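In terms of our numbering, the sequence shown opens at residue -16 and continues consecutively.
No residue lacks a Cβ here, since even glycine has one placed at the ideal position from N, Cα and C.
Being a predicted model, the structure only gives us computed values, none of them experimental.
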Amino acid sequence: MALLVLPVLPIAWRQIPGYNNPNLVLPHISDYLGQLARAFTLGELSPASIWAWGRWLWLALLLGGLAGWLSRRRWQQMQGARLSLLASWLLGSLAVFYLILVSRSAFNARYISFILPALWALTGWALSGWRRWGRLLPAGAALTLALLSLPALRADLYDPTHFREDMSSVVAYLQEHSTSKDVILVDQRYPFGFYWQRWNNDFYGQPPRQPANMAPAQYLFVDLTHNDERRLDARLNRLAGEARRVFYVTWFESDMDPRGAVPALLNAAGSIIDEVNFRGYTVRTWDLHPPTRFALPSAMMPIGRQFDQGVTLVSGDWSGRQQPAPPGRPLIITLRWQLQAASDRVLKVSLRLQDSEGATLAQDDRLLLNDRHVRSNAWLPGENALNIYQVPAPAEAGDYRLTVVVYDADTLAPLSLADGSGVEAVFGQARVAP
């Protein structure tokens, strides 16, 4: 095992020690052991009705076998060395892995499946103790345990309730509706490429030219930090600037674009015409009129509005600031936030579009996230990040106010402005005109 692991040690050493995701929750040790016990005995998908009594039968069969071994005098001398190795493998791994969870918090039963050989070997040894009372009893006990796991195995293979993703249906839909003049953007690198021939899996590459009768498909990495051809709007100009339609495929557990930059740019440049939900995936379609120019507002204007808790709205840019925005089309607002000090609060921002009398016409509420998509309670002191908001422009021409309110995501209590002027900060004006 050590030899097999050696080739990946340099990569693991580079990636794992510095990794931290505060959004993950550390399971309590009882929940940790309980999930593992269910997953590695009757099965993670075992029906509740079977788990309710099956776990006790599982335990009773093990204890019965142990009793058979304990009734023998020489088992310690014969089996002690082997059992100590297996017990160390099982119990030591459980302890070490939980210590890793304390600092990483990324838990799933499959992550610790390397304990299974030790668990199954110890289980087999325990069941063999039934031979004390009958030659065929160990085989009967093992068969009983195997039968108890069949409902979970059947649920995993055949119960649609437990199916996670259906990529084949996504591909069938795209084959039917897309053409070579469209482009398909996917927010996950796998497994789409296994199903689609004209596919590019690189972060900043281009789809191949063949097969020419298929729509080109590209993994879309959302980059908002670089000010060059790698930034999201530049990537969209290159990938979709000449496309008639954009199909955007998103996975249900994706963390690629929690700030909503991709749909914001597509909404501003085109019109969404379809949205289809599949098991584990959503496919949204935008109609464009090429050539299309995607532009993320980036001529940042200093703002410097300060809130309590050390929250500062540093700068921003938005549609309708330098040139009028067309009526009825989405306005994109990019704001740069900074936290002067560490905070234990999860904050949200409510961006509001108001008329001249202060009536709110539209608003967009989003979690305050940094460039690693981490919430405000895990930002480093002095850290700043770009966040994106979108509101529809009114149908009537005119000048409209843009304001923000920062509030606690749990209690909904707003933060006060540091100058004592209230909780709502007016930071700019958007002009709407035909």
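At least three beta-carbon pairs within less than 8 Å, the region 278 to 291 to the region 261 to 270: No: the two stretches stay apart, fewer than three of their Cβ pairs being nearer than 8 Å.
Among Leu74, Pro30, Trp113 and Asn91, which has the Cα closest to the Cα of Ile98? The residue you call residue 98 lines up with position 115 of the sequence shown. When each option's Cα is compared against that of Ile98, the closest is Leu74.
Can you have a look at Phe175 and say buried or exposed, based on whether 16 or more other CB atoms are within 10 angstroms of its CB? If you number the sequence shown from 1, residue 175 lands on position 192. Buried: at least 16 other Cβ atoms inside 10 Å.
List the whole-angstrom C-beta distance separating Pro417 from Ala368, where the pair is believed to meet the contact cut-off of C-beta under 8 Å. Locating residue 417 in the sequence shown gives position 434, where the first residue counts as 1. Locating residue 368 in the sequence shown gives position 385, where the first residue counts as 1. About 35 Å; that fails the 8 Å criterion.
Where does Ala155 land, buried or exposed, given buried means 16+ other C-beta within 10 angstroms? Here residue 155 refers to the residue found at position 172 when the sequence shown is read from its first residue. The residue is exposed, with fewer than 16 neighbouring Cβ atoms inside 10 Å.
Mark Gly48 as exposed unless 16 or more other C-beta atoms lie within 10 angstroms of its C-beta, in which case mark it buried. The residue you call residue 48 lines up with position 65 of the sequence shown. Residue environment for Gly48: buried (at least 16 other C-beta atoms within 10 angstroms of its C-beta).
From Leu352 to Leu105, what distance separates their C-alpha atoms? Within the sequence shown, numbered from 1, the residue matching residue 352 stands at position 369. Within the sequence shown, numbered from 1, the residue matching residue 105 stands at position 122. Each residue's Cα considered, the two are about 47 Å apart.
Cα-Cα, which of Asp14, Pro285, Ala378 and Pro377 is closest to Gly411? Residue numbering aside, residue 411 sits at position 428 when the sequence shown is read from its first letter. Of the listed residues, the one whose Cα sits closest to Gly411 is Pro285.
Output needed for Pro134: all residues of its chain with C-beta closer than 7 Å, excluding positions within five of it in sequence on either side, in chain order. Numbered from its first residue, the sequence shown carries residue 134 at position 151. Cβ within range, chain order: Ser29, Pro30 and Ile33.
What does Tyr202 pair with, by DSSP beta-bridge criteria? The sequence position of residue 202 within the sequence shown is 219, counting from 1. For Tyr202, which the question treats as bridged, DSSP gives the partners Val169.
For Gln189: DSSP bridge partner residues: Residue 189 sits at position 206 when you count from the first residue of the sequence shown. Bridge partners of Gln189: none, in fact.
Under 9 Å between the Cβ atoms of Asp382 and Arg335? Along the sequence shown, one-based indexing puts residue 382 at 399. Along the sequence shown, one-based indexing puts residue 335 at 352. Not closer than 9 Å, so no.
What number of angstroms, rounded off, separates the C-alpha of Ala89 from the C-alpha of Leu9? As a working mapping, residue 89 is identified with position 106 in the sequence shown. As a working mapping, residue 9 is identified with position 26 in the sequence shown. Linking Ala89 to Leu9 through their CA atoms gives a straight-line distance of about 8 Å.
Ignore the nearest five residues each way along the sequence and tell me which others in Arg172's own chain have a CB closer than 6 Å to its CB. Reading the sequence shown from its first residue, position 189 is the one you call residue 172. Taken in chain order, the residues that qualify are Asn184 and Tyr202.
Drop a sphere of 10 angstroms on the beta-carbon of Ser54, count the other beta-carbons inside from all chains shown, and report buried for 16 or more, exposed for fewer. Looking up residue 54 in the sequence shown gives position 71. Classification of Ser54: exposed, given that the 10 Å Cβ count is below 16.
Count the other CB atoms within 10 Å of the CB of Tyr94; is the residue buried (16 or more) or exposed (fewer)? As a position in the sequence shown, residue 94 is number 111, starting the count at 1. Per the 10 Å Cβ criterion, exposed.
When the distance is taken between beta carbons, is Ala101 closer than 9 Å to Ala70? As a position in the sequence shown, residue 70 is number 87, starting the count at 1. As a position in the sequence shown, residue 101 is number 118, starting the count at 1. Yes. Within cutoff.
Which of helix, strand or coil does DSSP assign to Pro375? Here residue 375 refers to the residue found at position 392 when the sequence shown is read from its first residue. In this structure, Pro375 counts as strand in the three-state DSSP scheme.
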